[in-house]
Amino acid sequence: MFLILILTSDPIDLTNGSSLNIGEGGYVDTDHLTIDSYSTVGLTESTGWSTYSNLYANTITVTNGGVLDVNVGQFDTEVFSTDKLELTSGNTADHNGNVVSGVFNIHSSDYVLNADLGERPYLGYHSG
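For what it's worth, the working numbering labels the leading residue of the sequence shown as 82, then goes sequentially.
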């Protein structure tokens, strides 16, 4: 048996360590997805097998330690789709006074992101 779950909402805001995991057969679409305050949206390897993007949002904002975790294989090309990806700090300090930005974690060296980036994203590369 194959279960398909479709979530359509406007907007979707994840806060305070919330998580949204999208696997094979899961589809989420929204105008604006906000991943805030150490929350995580995870896309598993099996999401890339579909004809359509498993996650679509006009705008995805990842901020304050939130993580967009895209765990795809090297041949998965359309796991998610967005017009604009914003990685920001939200200018909010943690209890130690550190400002923490949003994280876009892609597990592939071959993935091509076709989206506008926010005004001043910090893009770093970490291998490992």
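No residue lacks a Cβ here, since even glycine has one placed at the ideal position from N, Cα and C.
Query: Integer-rounded CB distance, given that Asn-135 should sit under 8 Å from Ser-170; Result: At roughly 27 Å, the Cβ-Cβ gap does not stay under 8 Å, so Ser-170 and Asn-135 are not in contact.
Query: N- and C-terminal bounds of the beta strand (DSSP E) containing Glu-105; Result: Unbroken run through Glu-105: none, as it is neither H nor E.
Query: Cβ-based burial, Thr-96 [other Cβ within 10 Å; buried from 16]; Result: exposed
Query: Whether Asp-150 touches Val-122 by CB criterion (8 Å); Result: yes
Query: Counted within 10 angstroms of its Cβ, other Cβ atoms place Gly-147 as buried (16 or more) or exposed; Result: buried
Query: Beta-carbon gap between Val-143 and Gly-183 smaller than 8 Å; Result: yes
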